[in-house]
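Participant: Every letter in the sequence shown is one number past the one before it in the numbering used here, and letter 349, counting from 1, is 333.
Think of the CB as a built atom: it goes at the ideal place given N, C-alpha and C, for glycine as much as any other residue.
My questions all concern the structure below.
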Amino acid sequence: MADRSSKPAEQLLLWAALALVAVIAALSIVGRRREPAPASAPHGFRDVTAESGIGFRMMFLPQEQGEPFKVNLYDHGCGVAVADYDGDGDDDLFFLNQMGANALYRNRGDGTFENATQEAGPLGLPGRVCVGAAFADYDNDGDQDLYVTSTRGGNVLFENQGGGKFRDVTEQAGVVCVAHSQTPAFFDYDKDGDLDLLVTNTARWTTDNFDADANYYRGAGDLWTHVYDPDDREANLLFRNDGRGAFTDATREAGLEGHGWSGDVAVFDYDDDGDSDLLVTNMFGMSQLLQNDGQGHFDDVTRQTLGRTSLGAIGCKAFDYNNDGRFDLFIADMHSDMWINFDERQAIEPHKKYRHLLGRRAEMYPKFQADDAKLLERMGLHYDDLLFGNTLFRNEGQAGFAEVSDAAGLETFWPWGVAVGDFDNDGYQDVYLPSGMGYPYFYYPSSLMVNQGDGTFADRAEAAGVEPPLGGPFLDELIGGKRAARSSRCAATGDFNGDGRLDLIVNNFNDRPYYFRNQFPTRHYVAFRLRGTQSNRDAIGAVVKLHLGDQVLVRQVQANGGYLSQSSKTLHFGLGDHDRLTRVEIRWPSGAKQILDSPTADRLHEVVEPIRR
């Protein structure tokens, strides 16, 4: 595929206030006992990065986001992916980098890690600006392959050779893409038993000025030219897997080109009809809810199903926040918060949703209301299609979705990614929002939104130990002689030390990661690791429903999601004080249904899809 970047940037007025910145069923269930956590464990998380063996640092491009700060997508940083790449039963880590090599860390089995990048092969890619990644067994051979996206450096598909080794098979597999790419997502959209690949792309926001020393195309100083210009927007790509290790471009026939400026994708069955639907975020406009018609095509049902969506959506996540057995949808809106100036911390009202692109200014001053309207007109957008701020869409079944973010208390400031998990094992899923801007902006904390079990969330970031950062809110190094605030971009979850509690991995901008080990008090849980036989081997798309009293808890094996992040494919349920389970239902991607009667609590169950005769 040809390079999708060509047009040099035009210079327009820089809006600093908007910176972007059995034997089958019976033997299919294998229990793996996890040692319970100490009863004396303190509440919350502890940052154990330094003692865990993780020595990675995401390095930024100093001529883009350093002292000569530019308004472009280089400030979005890089991702993190979680998977068991070596098949030893423990989840490992892969960090993406912007300037310098990516890093693969192997879990030693106790939640500590060792750098395995060099022996793994060419995963480092030090000469590319890497962005996101997703592990998946696309060839159904029993190990985790890896797809890496980049900014105009060419995306790469690595086939896992076994023994911890990978090789580049991009061209022979037919998945070449050179674009301003963001999120890769493997899922089986046509239900043929193998994983297809969706890649989201943004727009031509770099110039043709190539920096040979740093190996990157310099970003436009004025991003808004490319926001306004439809010709600069890049289409997403859907690659259909033929089941023999090769892919073909099926984007157009599937209707998945998108509207440009796509960032994150949530793959989930919102209408409970057995196939995978999509929510694709749009950084400057309406995100798209795309319904799978079961015949290889997706229909845009956004307006009639969701109504208005967040203007500046970055990360999204599908999860059931109220335990009614249906997938709700949360979207984090970063760009709607970019109206604030560098020194206007006092103007922030973090739990308020504004009605204009320019936020508080437009609501206070007529001049900014006029500017606000002109901006939207040039972007081809309308107020009636948009909300400004985070959105939580509660799934009400046949009645559709209701937007309830304000009532739920999920409006926050400067959020990028979304990581979801029942961190305190009380039976309700919580939300972590990596947040902040970094230099030249002031420090602003990330949020840990703890589910109260009554349809609302409360920010417990400080009480739970994820704020302030270990080492303080500012980097040790100065930029331009000034202090540079720390800021987070994406986060993923997994039980890395096998104690039945979900830990957090956060990749930060121009900084070391955070590895938050979970030290909430011990409560009951159950976990499931699924393996498909008739379905794709990873069981991506499988839905597990757990009946707990009068509640139905639901999880889905997801491709990735949350913005440039991939969490563990192991499904984790907190059970609170319940130590007995009555029934668990599994709907496999093939359509097969399986019932597990009274699975044991406080255990990881490995479940193999029954083979139909």
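(1) Comparing alpha-carbon positions, which option in 460, 404, 393, 425 lies nearest residue 443?
(2) Hey, how far is the Cα of residue 226 from the Cα of residue 596?
(3) So for residue 353, helix, strand or coil by DSSP?
(4) Is residue 159 close to chain B? Criterion is C-beta to C-beta, closer than 8 Å.
(5) Is it the case that the Cβ atoms of residue 309 and residue 538 are separated by a distance below 8 Å?
(6) In angstroms with no decimal places, state the Cα-to-Cα distance between residue 47 and residue 464.
(7) Within 10 angstroms of the Cβ of residue 598, are there 16 or more other Cβ atoms? Answer buried if so, exposed if not.
(8) By Cβ distance, which residues of its chain are closer than 7 Å to residue 349, with the 5 residues on each side in sequence left out?
(9) Do the CB positions of residue 53 and residue 423 come within less than 8 Å of each other?
(10) What do you reckon, are the CB atoms on residue 480 and residue 39 nearer than 8 Å?
(11) Just reading off the beta strand (DSSP E) that residue 46 is part of, what are its end residues?
(12) Which runs of the alpha helix (DSSP H) at least 4 residues long sit entirely within the segment 104 to 192? Give them in chain order.
(13) Going by CA-CA distance only, name the one from 251, 558, 215, 231 that's closest to residue 155.
(14) So what does DSSP say about residue 348, is it helix, strand or coil?
(15) Measure the beta-carbon distance from residue 170 to residue 122 and round it to whole angstroms, keeping in mind my assumption that it falls under 8 Å.
(16) Assuming residue 460 contacts residue 433 under a Cβ cut-off of 8 Å, what Cβ separation, rounded to an integer in Å, is found between them?
(17) Excluding sequence positions up to five away, which residues of its chain have a Cβ less than 8 Å from the Cβ of residue 164?
(18) Hey, out of 577, 576, 497, 556, whose CA is closest to residue 89's CA?
(19) Could you tell me which of 564, 257, 127 sits nearest to residue 144, measuring between CA atoms?
(20) Pull up the distance between the alpha-carbon of residue 440 and that of residue 314, whole angstroms please.
(21) Could you tell me the alpha carbon to alpha carbon distance between residue 99 and residue 37, rounded to whole angstroms?
(22) Identify, in the order they occur along the chain, each residue of the same chain with its Cβ nearer than 7 Å to the Cβ of residue 235, setting aside the five sequence neighbours on each side.
(23) Straight-line CA distance for residue 330 to residue 397?
(24) Give a yes or no on contact between the segment 293 to 303 and the segment 269 to 280, applying the rule of three or more CB pairs nearer than 8 Å.
(25) With a threshold of 6 Å on Cβ separation, who are the neighbours of residue 544 within its own chain once the five nearest residues in sequence on each side are excluded?
(26) Return the residue from the list 255, 254, 279, 245 that minimises the CA-CA distance to residue 266.
(27) Using the beta-carbon count (16 or more within 10 Å), is residue 197 buried or exposed?
(28) Okay, do the segment 279 to 293 and the segment 364 to 375 touch, 3+ Cβ pairs below 8 Å being the bar?
(29) Buried or exposed: which applies to residue 81, given that a residue is buried once 16 or more other Cβ atoms fall within 10 Å of its Cβ?
(30) Looking at the strands, I want to know which residues DSSP matches up with residue 466.
(31) Smallest Cα separation from residue 109: which of 279, 76, 278, 84?
(32) Quick check on residue 214: does DSSP put it in helix, strand or coil?
(33) Report, in whole angstroms, the separation of the C-beta atoms of residue 526 and residue 589, which I expect to be a contact under 8 Å.
(34) Quick check for students: name the residue ranges of the beta strand (DSSP E) that lie wholly in the segment 300 to 331, counting only runs of 3 or more.
(35) Could you check the C-alpha separation between residue 335 and residue 390 for me, to the nearest Å?
(36) With a threshold of 16 other CB atoms inside 10 Å of the CB of residue 228, please say whether the residue is buried or exposed.
Facilitator: Based on what the coordinates show:
(1) 393
(2) The straight-line gap from Cα to Cα measures roughly 22 Å.
(3) helix
(4) Judged by its chain identifiers, the structure shown contains no chain B, having just a single protein chain.
(5) yes
(6) Answer to the nearest angstrom: the Cα atoms are 12 Å apart.
(7) The first residue shown for the chain is -15 and the last is 597, placing residue 598 beyond what the model contains.
(8) none
(9) yes
(10) no
(11) Taken as a continuous stretch (DSSP letters only), residue 46 belongs to no beta strand (DSSP E), being part of the alpha helix (DSSP H) at 46 to 49.
(12) Within the segment 104 to 192, the alpha helix (DSSP H) runs of at least 4 residues that lie entirely inside it are, in chain order, 154 to 157.
(13) 231
(14) helix
(15) 6 Å
(16) Their Cβ separation, rounded to whole angstroms, is 29 Å, which puts residue 460 and residue 433 out of contact at 8 Å.
(17) -12, -11, 57, 135, 136, 185, 186, 187, 188, 189, 190, 218
(18) When only C-alpha atoms are compared, the closest one is 497.
(19) When each option's Cα is compared against that of residue 144, the closest is 127.
(20) 13 Å
(21) 8 Å
(22) 219, 220, 221, 222, 241
(23) 13 Å
(24) Touching, yes.
(25) 118, 169, 550
(26) 245
(27) By the 10 Å Cβ count, residue 197 comes out exposed.
(28) yes
(29) It counts as buried.
(30) 463
(31) Selection 279, 76, 278, 84 evaluated against residue 109 yields 84 as nearest (Cα-Cα).
(32) helix
(33) No, residue 526 and residue 589 are not in contact; Cβ-Cβ is about 13 Å, not under 8 Å.
(34) 312 to 317
(35) 8 Å
(36) exposed
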